[in-house]
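Novice: Quick one: structure below, then a few questions.
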Amino acid sequence: MDDLIKELKMVLGDEYILVDPIDLLPYTRDYSLSRLYNEVKKYIVGRPKAVIQPGDPNQLSRVLKILSRYGAKYSIYGGGSGVVEAYNPETDFIIDISRLDWIEWFDEESNIVYVGGGTYLIKVEDWLNRQGYTLGHYPQSIHVTSVGGAVATGSIGMYSSGYGGIEDIVVGIELSTPKYGILKYGPTVRGNTPLPLDKLVINSEGRFGVISGAYLKVYRKPDIILKGVYRIDSLESGVDILRKIMDYRLTPHLIRLFDRYESMIYFGGGESTLIYSIHGYNEVSKYLYTWREELDKVIDGEALDEALYDRWVENRFRYIDYIYRLYNTGLAIETMEFGVPWSKIIEFDREFRDRISRYESIAYISMHISHIHRTGCGVYYTLAIDIDSIEDIYRDIWGEALDIAIEYGSDISHHHGLGGIRIEAFKKRYGMNIYRFIMDVSNLINSLDI
């Protein structure tokens, strides 16, 4: 260990290798429920031996080579916003990518920006806004998510119906690896090549190297945002409306359907609530208003005050405060999201609520539908759980939920990733041969002796 640390210091210097227990404390958790639970209960389950903070892709690649040569285990820390135990604070070393923080160049005519993997999404968005542009990528964790983390976990944002998920935004990648050094692919227009590297690393969760930079697609910042809020008579009716909107290719930039519980929290009541927003420009305002007019014809519901939409957006990014307030009442919050086919959504929802609500420690289950696709949509559950029962039932609840997803032919994750929580379910859902294939590719890239 001493020799390993000595080599790392030769690359980074003493300042960027943290070993003091106080300095390591922030790296003992992310936003996974099990990690937050340990923090609230004042437990420290484990901490790394050291945190490594490379300052550029070359340093990062050299660090990875040293760690690989010694066979040292490591985990990657971006913004710490993960919720599925992908980040492991108990590993030997943590690679903190926060110093890979830059906005290097912007090709305004081609609509591409190149940024560091450790740059926070909100920093990129704020910078682009000042130039009159946007990524259009607004995950709930935008203030605490790095670009590298967003790519590695397959992030998606609230405006995904208009701007796409991170897979639609990334047009090139820079990857640091122990065996092949720095791999740079892009920027591309379409990237019609064998095994496009940018697509390989999306959802990879660090298995194929560390994302040190990314080329991202940008859009003109909209001049006009048209909004709608509707009370719908049932969740089933709402799902039918969503499917019609998708079928008619009227999908707005944001569209969400909330169940009864979330309708009560955000909109003051009702069986179900549908909200949408359309983004566009003054030059084509007539087209935007026609789009909204046709959309409103499809939505069979009671129109509500548009100010409710603005209030929802404002409160959406206060979720961390909400989590800690609930902890003070004795409740812990867990979120689960799945990609469910259109034909299974209502059935899936009934089964999920029926089986998960049997756990006596569940205080409530709420749900909303968002990120609609041609074949289905993201179904997102929020569970409030008695905090004192977490250690006893946490894994059981997840196991039950993932079994339901597999039984209904759903994606076991829509956008939070696999992490440690879902890896066994991945093997069950897709088979051991696919898992072995992924790990073989990972070992090929990360091992120096192959």
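Residue numbering for the sequence shown follows this note's numbering, beginning at 730 and increasing consecutively.
In this text, a Cβ means the ideal position worked out from N, Cα and C, and glycines have one as well.
(1) Taking DSSP's pairing of strands, which residues face residue 964 in a bridge?
(2) For residue 1139, which three-state DSSP category applies?
(3) With DSSP as the reference, label residue 1115 as helix, strand or coil.
(4) Return the chain-ordered ranges of every alpha helix (DSSP H) run that is complete within the region 983 to 1070 and spans a minimum of 4 residues.
(5) Compute the distance between the beta-carbons of residue 900 and residue 928, then report whether it is under 8 Å.
(6) Could you say which of 803, 790, 1109, 798 lies nearest to residue 776 if we only look at CA atoms?
(7) Does the Cβ of residue 1163 have 16 or more other Cβ atoms within 10 Å, making it buried, or fewer, making it exposed?
(8) Would you identify the three-state DSSP class for residue 832, choosing helix, strand or coil?
(9) Would you kindly report the start and end of the unbroken alpha helix (DSSP H) that includes residue 1077?
(10) Check for me: the beta strand (DSSP E) holding residue 1098 runs from which residue to which?
(11) Would you call the CB atoms of residue 698 and residue 934 closer than 8 Å?
(12) Please list the terminal residues of the continuous alpha helix (DSSP H) segment that includes residue 892.
(13) Do you know whose CA, among 822, 740, 784, 794, lies nearest residue 748's CA?
(14) Who are the near neighbours of residue 1149 in its chain, counting only those whose CB is closer than 8 Å to its CB and skipping five residues on each side?
(15) What are the boundary residues of the alpha helix (DSSP H) that includes residue 877?
(16) Terminal residues of the continuous beta strand (DSSP E) containing residue 902?
(17) Which runs of the beta strand (DSSP E), 3 residues or longer, sit entirely within the region 784 to 831?
(18) Taking residue 682 as the reference, give the member of 1038, 1070, 852, 884 with the closest Cα.
(19) Could you check whether the region 907 to 926 touches the region 858 to 872, counting it as contact only if at least three pairs of C-beta atoms, one from each stretch, sit closer than 8 Å?
(20) Use the C-beta contact count for residue 752: other C-beta atoms within 10 angstroms, 16 or more gives buried, fewer gives exposed.
(21) Taking the alpha carbon of residue 754 as the reference point, which residue from 742, 767, 743 has its own alpha carbon closest?
(22) So, are the CB atoms of residue 760 and residue 811 less than 8 Å apart?
(23) Closest to residue 1031 by C-alpha separation, out of 1060, 996, 1009, would be which residue?
(24) For residue 733, collect the residues of the same chain with a Cβ closer than 7 Å to its Cβ; drop the 5 residues on either side in sequence, then sort them by chain order.
(25) Pull up the distance between the alpha-carbon of residue 1112 and that of residue 1091, whole angstroms please.
(26) Would you kindly work out how many angstroms separate the C-alpha atoms of residue 909 and residue 790, rounded to a whole number?
(27) Quick one: Cα of residue 896 to Cα of residue 883, how far?
(28) If you draw a straight line from the C-alpha of residue 888 to the C-alpha of residue 984, how long is it?
(29) Where does residue 778 fall in DSSP's three states?
(30) Compute the Euclidean distance between the alpha carbons of residue 850 and residue 881, then round it to the nearest angstrom.
(31) Measure how close the beta-carbons of residue 1088 and residue 1096 come, nearest whole angstrom, since I'm counting them as under 8 Å.
(32) If we ignore side chains and look at the alpha-carbon of each, how far apart do residue 1142 and residue 1064 end up?
(33) So the alpha helix (DSSP H) residue 740 belongs to, where does it begin and stop?
(34) Under the three-state reduction of DSSP, which class applies to residue 917: helix, strand or coil?
(35) Enumerate in chain order the residues of its own chain whose CB-to-CB distance from residue 894 is below 6 Å, with the five nearest sequence positions on each side excluded.
(36) Run through DSSP, which three-state label would residue 1179 get?
Specialist: By the coordinates alone:
(1) Paired residues: none, contrary to the question.
(2) coil
(3) strand
(4) 989 to 996, 1014 to 1027, 1036 to 1045, 1048 to 1057
(5) no
(6) 803
(7) exposed
(8) strand
(9) 1074 to 1085
(10) 1091 to 1101
(11) Shown here, the chain extends from 730 to 1179; a query on residue 698 therefore has no answer.
(12) 889 to 892
(13) 822
(14) 813, 814, 815, 817
(15) 876 to 881
(16) 899 to 906
(17) 803 to 806, 822 to 825
(18) Coverage of the chain is limited to positions 730 through 1179, which leaves residue 682 absent and any answer about it impossible.
(19) no
(20) exposed
(21) 767
(22) yes
(23) 996
(24) 795, 799, 801
(25) 7 Å
(26) 9 Å
(27) 7 Å
(28) 8 Å
(29) coil
(30) 13 Å
(31) Residue 1088 to residue 1096, Cβ: 16 Å. No contact.
(32) 11 Å
(33) 731 to 741
(34) coil
(35) 885
(36) Bear in mind that the predicted position of residue 1179 carries a pLDDT of just 34, short of 50, making it too unreliable to give a figure here.
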